[in-house]
Amino acid sequence: MELLRLMGLCALCLLPVMVLRGKNPEQALLLVLAIAAVVLGRVLALAAPLLERLDALFQQAGVESGHVAILLRTVAAALVTRLCGDLCRDGGSQTLGTVVELAGAAAALLIALPLLEAVAQLLLGYFT
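Note that the sequence shown covers residues 1 to 128 in our numbering.
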């Protein structure tokens with residue numbers, strides 16, 4: 001139900017954003033940022049129990065908590081990259097949006113590197 005409210009808020013704010021975009025694009029971008037901050041804050045509050053549940057599930061499965069943290073940080077980097085890239089494009093800079101996405105991909109690889117190393121070590125253990 002909360003998701004429908006957040007979607008409704010975004011849809012409701014779309015009209016003022018579109019009107020402002022024609023007259024004052026800077027204010028439209030600021031309004032989009034403010035709406036995104038409110039929605040993101042609420043989504044993070046809603047996600048806290050989900051993260052606790054996922055952590056308990058992975059602990060039951062015997063997955064190390066460090067590996068789960070790496071996975072969650074990689075997902076967070078991807079989501080932040082997507083949001084920032086879309087905001088850059090919404091602000092009128094396609095190139096900046098693409099650069100942000102490239103930087104996000106590199107950051108995700110760097111974050112996931114310890115997990116990739118663990119998988120490689122596991123595979124090497126099977127072959128030796």
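Glycine included, C-beta positions come from ideal geometry on N, C-alpha and C.
Can you give the Cα-Cα distance for residue i and residue j, rounded to whole angstroms?
i    : j    : result
L9   : G66  : 36 Å
L116 : P16  : 45 Å
D90  : L102 : 17 Å
I70  : A78  : 12 Å
L30  : L123 : 49 Å
Q27  : L20  : 7 Å
D86  : Y126 : 43 Å
L113 : G62  : 21 Å
M18  : L6   : 18 Å
L96  : V119 : 34 Å
R73  : E64  : 15 Å
V98  : T128 : First, the residue type needs correcting, since residue 98 is Thr and not Val in the sequence shown. About 42 Å.
Q59  : E52  : 11 Å
L4   : Q121 : 45 Å
I need the boundaries of the alpha helix (DSSP H) containing residue i, first residue and last residue.
i   : result
S93 : Neither: S93 is in no alpha helix (DSSP H) and is coded neither H nor E.
G62 : Run containing G62: none; DSSP gives neither H nor E here.
M7  : E2 to K23
With C-beta atoms as the reference, is residue i less than 9 Å away from residue j?
i    : j   : result
D55  : V68 : yes
A36  : L83 : yes
L50  : E2  : no
V100 : C88 : yes
G92  : P25 : yes
| message | Below 8 Å, how does it come out for the segment 33 to 44 and the segment 104 to 114: are there three or more Cβ pairs, yes or no? | response | At 8 Å Cβ cutoff, the stretches do not touch.
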